[in-house]
Amino acid sequence: MKSKELLKFIAETFRNIGVGFIISSEVLFISEHIEARNVIMLFLLGVYTIAFSIYLFMFYERGGKK
Numbered sequence: 010m011k012s013k014e015l016l017k018f019i020a021e022t023f024r025n026i027g028v029g030f031i032i033s034s035e036v037l038f039i040s041e042h043i044e045a046r047n048v049i050m051l052f053l054l055g056v057y058t059i060a061f062s063i064y065l066f067m068f069y070e071r072g073g074k075k
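Going by the working numbering, the letters in the sequence shown line up with residues 10 to 75, in that order.
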């Protein structure tokens, strides 16, 4: 596996993890199994993870060069 393909795989993985964090925060909030401040933290963690994956995708599109 080339390093460029690996970078794309890692970016997609972080995006999927971020979406999972956001969905799980909403499900836990609706089912009232978690405090509201923890839901906000979990939601923000998902947003930051997706933002990091966007950065990795941009790095991938440029060819992995700084």
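Every residue, glycine too, gets a C-beta built ideally from N, C-alpha and C.
Asked, Found
"Rounded C-alpha distance that separates Arg46 from Tyr69", "35 Å"
"Proximity below 7 Å, CB of Phe38 to CB of Val48", "yes"
"Whole-Å CB distance - Leu51 paired with Ser33, under 8 Å assumed", "7 Å"
"Whole-angstrom C-beta distance between Ile59 and Val28, which should lie under 8 Å", "7 Å"
"Alpha-carbon spacing of Leu16 relative to Arg71, whole angstroms", "12 Å"
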